[in-house]
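First the structure, in the form of structure tokens, and then the observations on it.
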Amino acid sequence: MRERNYTYAVARIRSLETKLLDNAQMERLANATTLSEALAYLGETEYGAVLANLKNPHQFEDALNQELNRVIRLVMSLSEDAPELRAFIYRYDIENIKKILKSESSTADRLSNLGQWSPSWLVETMAAERYAEFPSELAEAIIVARRLYKENGDVQEIDRILDQAYFEIGYHLLKNGISELFFKWWIAMIDLTNLRTFVRMRLIGLAFAEYQRFFINYGKLTLDQFQELWDQPDEKVLSWLGTTPYDNLASNGAEVLSSLTVLEREYDNYLTRMIADAKYISLGVEPLAGYLIAKEIECKTLRIILVGKVNNVSIIKLKERLRRAYA
Amino acid sequence: MELRVNPTRMELLRLKKRLKVAVRGHKLLKDKFDELMKNFMQLVNESRRLRQEVESALADSMQGFMMARAVMSREALEGAIAFPKVKAEITASVKNVMSIQVPAFQLVEPEYKGGIYPYGFAQTSGELDQAIRKLSDSLKSLIELAEVEKTVELLAAEIERTRRRVNALEYVMIPQLQEKIKFIVMKLDENERGNLTRLMKIKDIVRSTENS
Amino acid sequence: MEQWGINLAYAGIAVTVLFAGYGSALGVGLSGQAAAGVVTEDPGKFGKSVILAALPGTQGIYGFVIGMLMYMKIAGVDQLTVAQGLQYLIAGLPVGIVGWLSGIWQGRVVVAGMGILAKRPEESTKGIIYAGMVETYAILAFVISFFLVNNIR
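Residue numbers (my numbering), protein chains in the order written: chain A, 269 to 595; chain B, 6 to 217; chain C, 2 to 154.
Set out below in structure tokens:
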């Protein structure tokens, strides 16, 4: 009865969820005229603590990272390092590993500290090639990526191999995990990622053979389906999308296939909506991950707003990119 | 102005020859100047057009980067674009425009194997694609602009030099030569007249002594 | 053989208190953890959380009361027939078993109720009502056990 262990954690998360920003607050932030106004408003929320010791308003990025780091550590300790949650955090590690592989001489200070492993440990382990310390799938991916990169000097290979490894590791972790919701969520993420890559590569004008290389397995949408649609016009793809579990996306009309901004917003919204089901689970690991993902998306939305404010992006353009809130 | 010149016929001939050369040179330089000016104006227009084009393309691209920057975390974005996938090569050579050495750049189109994007598609934002594409598209114009702007700069220097020469010839050299020639001619005429008077005087003296 | 009657009656008391107490302890354990979680983030909610957290504790009390009742009845009697002893055992079962299960389930309802308390403190009484619905069955079992015990002669 592992789920009983999370009683305290879930109740605590429920309390924390009340402090997440809702859609109205995000709107209000987006409507702020200047960065300092937005920051002042943000200071009244849960972010007050990290914003308080901000020396320069332009360092809000550090504050957001700090907050996210705090939440990740909190959720990880509350869940007693649940393997299911690790799947969500590996993303930051993989990002770091990619960076180290690309530059070979990366120092720890340019790496993200949000991951499972500390940057300095990563740099050291990678330098010493002690891959055995990683999960076997990741170690394998690192070796392959390094070999391919050495062979043809194409940095894209590193990303390709490691991204695939990331989804694969998560898939196996969650398949054997205790949460069906996570597993479904992960598959949805794989499908949506494939869909996004599909749209992006079509917009760029690459051949299907290229897409095949970047395709991530284990999704519900198969490569054959994408192959059939590759040369079809947008309307065809859209009507097909309406028949998949992701018909929500199709309801946005053709824009979802022509504007990556819209697609990415809907991508995040779909996943948020899906994980929001965790709110109805009273005991278990799901609410923890739900909160974690909600917080990640919240930080992303805040970054969009704040970066937009720094660069005087119009409010319309900002609102186009606002993500749906979890709360 | 004091003229230091030997009022000799030799000198006069020499000066006249120089004046002829100077006038001829002036005319040639003037023609060159006009031609340069014409070229220059053309290039300036061209470079203005290119600059506007490049600037708007870069601004677009920067906007794209900014949005990508907003959607992706700093670390993720840095990782994605830290290392280029394709290398662009430029060969630089020298071109001759109106006997001015101007640079000529030739962009060697790189091989776009699998696109120009140095990152994977699963973990990066699509906003980045647009930014990178625009940046990549602007490369050609950017190099063209570099070439044109440098040419304009060199041309401007040449025009400046030519104008100085034309002016020097027109307002200093030629008037001076003319002055000198005039002076020598007058001096020679004066001498001539003096000589004539002297001869007449001598003739008078000789005649009066003959008569007395 | 005459000892069997009293043994069975003791077993009845044990079963009543044991199962009901076990259920309550689990329930209160669950709800206590959840309450601690809420109070960690918001100490001001302690008062309301106590009411919720204490709810699954009632089953244990019912079990205890029935157990006491049985004990009082046996205390004055020297001899019990096997049939009487069996009656005590059976009379204890409703509150024992229902108290055990309802304690656990009430604990879970209370955990969910803590979610209400965390998110909408003004609505937390509704959480108490939901938890109270589980309580009904513990009370019904208690009442039946009570009558059964009283009816033993």
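The beta carbon of each residue, even a glycine, is placed where N, CA and C say it ideally should be.
Each of A:Asn381, A:Glu523, A:Ala477 was checked against the Cα of Ile340 (chain A), and the nearest Cα belongs to A:Asn381. Residues of chain A whose Cβ lies closer than 9 Å to the Cβ of Gln128 (chain B) are, in chain order, Arg359, Ile362, Glu363, Lys366, Asp427, Leu430, Asp431, Tyr434, Thr461. Within the DSSP secondary-structure output, Val107 (chain B) pairs in a beta bridge with B:Lys100. Taking C-beta atoms as the reference points, Val59 (chain B) and Leu150 (chain B) count as a pair closer than 7 Å. Listed along the chain, the chain B residues whose CB falls inside 7 Å of the CB of Gly576 (chain A) are Ala75. Collapsing the DSSP output to three states places Leu133 (chain B) in a helix. Looking at the DSSP output, Leu112 (chain B) shares a beta bridge with B:Ile95. Going by beta carbons, Leu506 (chain A) and Ala522 (chain A) fall inside the 7 Å limit.
Put simply, the CB of Leu31 (chain C) is near chain A, with a gap under 7 Å to one of its CB atoms. Contact of Phe402 (chain A) with chain B is not assigned, every C-beta pair being separated by 7 Å or more.
Comparing C-alpha distances from Ile437 (chain A) to each of A:Ala407, A:Arg481, A:Ile446 shows the shortest one belongs to A:Ala407. At a Cβ-Cβ threshold of 7 Å, Thr275 (chain A) and Gln80 (chain C) do not count as neighbours. Sequence-distant Cβ neighbours of Ile117 (chain C) in its own chain, meaning closer than 7 Å and more than five residues away, are Glu124, Ser125, Lys127, Gly128.
For Leu531 (chain A), no Cβ of chain C is located within less than 7 Å of the residue's own Cβ. DSSP places Ala277 (chain A) in the uninterrupted alpha helix (DSSP H) bounded by 275-285. The shortest CA-to-CA distance from Asp134 (chain B) to any of B:Ile207, B:Gln68, B:Gln106, B:Ile164 is the one to B:Gln68. At a cut-off of 7 Å, the C-beta of Ser380 (chain A) has a neighbouring C-beta in chain B. If you ignore the 5 residues before and after Pro325 (chain A), its C-beta comes within less than 7 Å of the C-beta of Leu303, Ser304, Leu307, all in its own chain and listed in chain order. Annotated three-state conformation of Pro351 (chain A) is helix, per DSSP.
Look at Ala127 (chain B) here: in three-state DSSP terms it is coil, with no helix or strand label.
Between Leu9 (chain C) and Leu141 (chain C), the C-beta gap is not smaller than 7 Å, which leaves the two residues out of contact. Cβ-Cβ separation between Leu586 (chain A) and Ile573 (chain A): approximately 6 Å, consistent with a contact (criterion under 8 Å). Lys90 (chain B) reaches chain A at Asp422, Val423, Gln424, counting residues in chain order whose Cβ is nearer than 7 Å. Less than 7 Å separates the beta-carbon of Arg79 (chain B) from that of Glu329 (chain A). At least one CB of chain A lies nearer than 7 Å to the CB of Glu42 (chain C). Assigned with DSSP and collapsed to three states, Lys185 (chain B) falls in helix. Chain-ordered, the chain B residues with CB closer than 8 Å to the CB of Lys370 (chain A) read Gly84, Ala87, Phe88. In the same chain as Val16 (chain C), and ignoring 5 residues on each side of it, the C-beta atoms closer than 7 Å to its own belong to Leu90, Gly93, Leu94, Gly97, in chain order. Counting along the chain, Phe47 (chain C) sits inside the alpha helix (DSSP H) bounded by residues 47-55. In the three-state DSSP reduction, Ile549 (chain A) falls in the coil class, being neither helix nor strand. Distance between Val107 (chain B) and Ser52 (chain B), taken at the CA atoms: about 15 Å. For Glu588 (chain A), the uninterrupted alpha helix (DSSP H) segment begins and ends at 583-589. Sequence-distant partners of Val99 (chain B) (beyond 5 residues in either direction) whose C-beta falls short of 6 Å from its own C-beta, in its chain, are Gln106. For Arg541 (chain A), the enclosing alpha helix (DSSP H) stretches over residues 528-543.
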